[in-house]
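Data first, discussion second: the structure below is written as structure tokens.
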């Protein structure tokens, strides 16, 4: 299963767009890319999942280039409540196996 | 909405005690998982289950066992708790598929003295 690499931490200000990039060089053909958000003292919560190109939902957008070796989670106009840890995962479409990495701690400042 | 309920948010146990962590889900999901989360190590999979009475070892099963007698309930058992099992334990569920989203409970913070 492909290992993911993402920045340990990021800072932003309220109202800005935040882009968190994740690399997954060894992604396999049947693997999907998934992002989760975790607040302190809570379990992770699913944000978005994609296979290729662009996926958008009411919370975020996910951009995946043609080679699928990286992906970018885009959070539009962040607020203080978006301060959390964001995990990028590769999920095997064959086995369902997934691995949580260290995640990116996003700090949104006023 | 899917509801995943973990029986205890906080537990304090002594070394050598038997510990039961219960997880109940209300959405008829086939798959259930137990993770532990530690600072600097992220979430690590302990055990998972794809169906009643079925279980599979995850990445760190040593010192743990599980039970799934009913579809909605997945229990994590520490036969003889040790201090290195002090951690946050998270239960998750997923419908019958490989790429569906995981739904997590609130977590159970276990301290072993």
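Chains as they are written, first to last, in the working numbering: chain A, 785 to 894; chain B, 979 to 1091.
We put the beta carbon where it would ideally sit given N, CA and C, even for glycine.
Computed from a prediction, not measured in an experiment: that's the story for all the values here.
Counting along the chain, residue 1012 of chain B sits inside the beta strand (DSSP E) bounded by residues 1009-1016.
With fewer than 16 other Cβ atoms from the protein chains shown falling within 10 Å of its own Cβ, residue 824 of chain A counts as exposed. Residue B:1010 holds the alpha-carbon nearest to the alpha-carbon of residue 1025 of chain B among B:1076, B:1081, B:1010, B:1062. When B:1063, B:997, B:1021 are compared, the shortest CA-CA separation from residue 1040 of chain B is found for B:1063.
Its Cα nearest to that of residue 811 of chain A, the residue A:787 stands out among A:804, A:829, A:787, A:800.
Boundaries of the beta strand (DSSP E) harbouring residue 982 of chain B: 982-984, taken from the DSSP string.
Distance between residue 1048 of chain B and residue 1070 of chain B, taken at the CA atoms: about 16 Å. Runs of the beta strand (DSSP E) lying entirely within the region 831-874 of chain A and spanning at least 3 residues, in chain order: 837-840, 845-848, 854-859. Straight-line spacing of the CA atoms in residue 1036 of chain B and residue 1068 of chain B works out to 14 Å. Close to residue 886 of chain A, with beta-carbon spacing below 7 Å, are these residues of chain B in chain order: 1020.
Rounded to whole angstroms, the gap between the alpha carbons of residue 838 of chain A and residue 847 of chain A is 5 Å.
The C-beta of residue 1079 of chain B comes closer than 8 Å to at least one C-beta of chain A. Taking C-beta atoms under 8 Å as the contact rule, residue 844 of chain A and residue 863 of chain A fail to qualify, at a distance of about 13 Å. Looking at A:882, A:869, A:865, the one whose alpha-carbon comes closest to that of residue 894 of chain A is A:865. Around residue 1088 of chain B, no beta-carbon contact reaches into chain A at under 8 Å, the shortest distance being about 14 Å. When Cβ pairs closer than 8 Å are counted between the two stretches, the region 990-997 of chain B is seen to touch the region 1055-1062 of chain B, the count reaching three or more. Among the CB atoms of chain B, one or more fall inside 8 Å of the CB of residue 878 of chain A. Close partners of residue 875 of chain A in chain B (Cβ separation under 8 Å): 1076, 1077. Rounded to whole angstroms, residue 1044 of chain B and residue 1065 of chain B show a C-alpha spacing of 17 Å.
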